[in-house]
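**Student:** Below is a structure I'd like to ask you about.
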Amino acid sequence: MSLKRKYKLVAVGSSGSGKSSILLRYARNEFEQDLMPTVGAAFFSKRVATADGAMRNFELWDTAGQERYRALAALYYREACAALVVYDITQRDTFYGSQGAMSWVAEVRQRAQEDIVIALVGNKIDREEAREVQSGDVEAFANREGILHFTASAKTGQGIDEIFDAVANMVPERMVMTSEVIDAESLRKAQKSSSGCGC
Numbered sequence: 001m002s003l004k005r006k007y008k009l010v011a012v013g014s015s016g017s018g019k020s021s022i023l024l025r026y027a028r029n030e031f032e033q034d035l036m037p038t039v040g041a042a043f044f045s046k047r048v049a050t051a052d053g054a055m056r057n058f059e060l061w062d063t064a065g066q067e068r069y070r071a072l073a074a075l076y077y078r079e080a081c082a083a084l085v086v087y088d089i090t091q092r093d094t095f096y097g098s099q100g101a102m103s104w105v106a107e108v109r110q111r112a113q114e115d116i117v118i119a120l121v122g123n124k125i126d127r128e129e130a131r132e133v134q135s136g137d138v139e140a141f142a143n144r145e146g147i148l149h150f151t152a153s154a155k156t157g158q159g160i161d162e163i164f165d166a167v168a169n170m171v172p173e174r175m176v177m178t179s180e181v182i183d184a185e186s187l188r189k190a191q192k193s194s195s196g197c198g199c
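Everything in the sequence shown is counted per the working numbering, starting at 1 for the first residue and increasing by one.
This is the structure:
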């Protein structure tokens with residue numbers, strides 16, 4: 001018998017920042033160069049075994065970044081234990097702009113659960129030579145807000161798994177939905193015990 005932990009995670013950020021690509025890379029280890037923008041929201045899931053024998057079940061909600069869908073994003077904060085706020089390191093407005101990561105962090109703080117884990121994710125580090133968002137600015141903002149900060153590349157997969165491992169380890173236990181999972185061997189032993197058969 002093992003323990004199953006369910007983590008609901010929502011990804012927010014400007015349109016084109018790479019939210020969908022990050023979730024797709026993590027959930028399916030795939031990358032699509034010309035991925036269509038999300039309309040409304042999309043859902044991914046992934047099941048991961050941990051070193052202590054527990055199972056992590058990620059429910060990954062991908063929200064649309066266009067301003068006209070922004071109000072809908074708040075619907076997906078409900079019961080979320082973590083939020084990824086994604087920006088594109090090569091697009092200044094995705095961090096500094098009125099629809100950028102800084103404003104998304106403020107919105108998550110306002111609308112989500114008080115103890116939600118927030119991770120700021122700078123995508124497209126495979127294009128470091130085209131960087132427009134200054135690393136020092138992001139680090140200062142993350143430290144000031146008391147949130148996690150990562151850089152990654154959905155295209156190459158660099159840094160992707162580390163984001164989700166760190167986020168899961170930071171989520172308060174009371175925010176994780178848990179249930180017991182009975183594996184086949186445990187079920188067989190239980191049936192044998194209840195039948196009184198020693199064979």
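From the three backbone atoms N, C-alpha and C, an ideal C-beta is built for every residue, glycine too.
Check whether the region 104 to 115 touches the region 50 to 63, taking contact to mean three or more Cβ pairs, one atom from each stretch, closer than 8 Å.
**Tutor:** no
**Student:** How far does the beta strand (DSSP E) with V117 in it reach, from first residue to last?
**Tutor:** Within the sequence shown, numbered from 1, the residue matching residue 117 stands at position 117. From DSSP, the beta strand (DSSP E) with V117 extends over 117 to 123.
**Student:** Hey, could you find the ends of the beta strand (DSSP E) Y87 is sitting in?
**Tutor:** Against the sequence shown, residue 87 aligns to sequence position 87. Looking at the DSSP string, the run of the beta strand (DSSP E) that includes Y87 is 82 to 88.
**Student:** Based on DSSP bridge pairs, tell me the residues matched to G13.
**Tutor:** Within the sequence shown, numbered from 1, the residue matching residue 13 stands at position 13. V86, per the DSSP bridge assignment.
**Student:** Taking the runs of the alpha helix (DSSP H) that are 4 residues or longer, which of them lie wholly in the region 101 to 166?
**Tutor:** 101 to 111, 135 to 145
**Student:** Does the Cβ of S135 have 16 or more other Cβ atoms within 10 Å, making it buried, or fewer, making it exposed?
**Tutor:** For the purposes of this step, residue 135 is taken as the residue at position 135 of the sequence shown. When all chains shown are included, S135 counts as exposed.
**Student:** If you follow the alpha helix (DSSP H) that F95 is part of, which residue opens it and which one closes it?
**Tutor:** Position 95 of the sequence shown holds residue 95. Note, F95: alpha helix (DSSP H), 93 to 96.
**Student:** Hey, G18 and V86: beta-carbon distance below 9 Å or not?
**Tutor:** By one-based count along the sequence shown, residue 18 stands at place 18. By one-based count along the sequence shown, residue 86 stands at place 86. In contact: G18 and V86 (Cβ atoms closer than 9 Å).
**Student:** Out of D165, F44, R127, V117, which has the shortest C-alpha to C-alpha gap to L174?
**Tutor:** For the purposes of this step, residue 174 is taken as the residue at position 174 of the sequence shown. A quick correction: the sequence has Arg, not Leu, at residue 174. Considering only alpha carbons, the answer is V117.
**Student:** For A168, collect the residues of the same chain with a Cβ closer than 7 Å to its Cβ; drop the 5 residues on either side in sequence, then sort them by chain order.
**Tutor:** Along the sequence shown, read from residue 1 onward, the residue named residue 168 stands at position 168. Around A168: Y7, R56.
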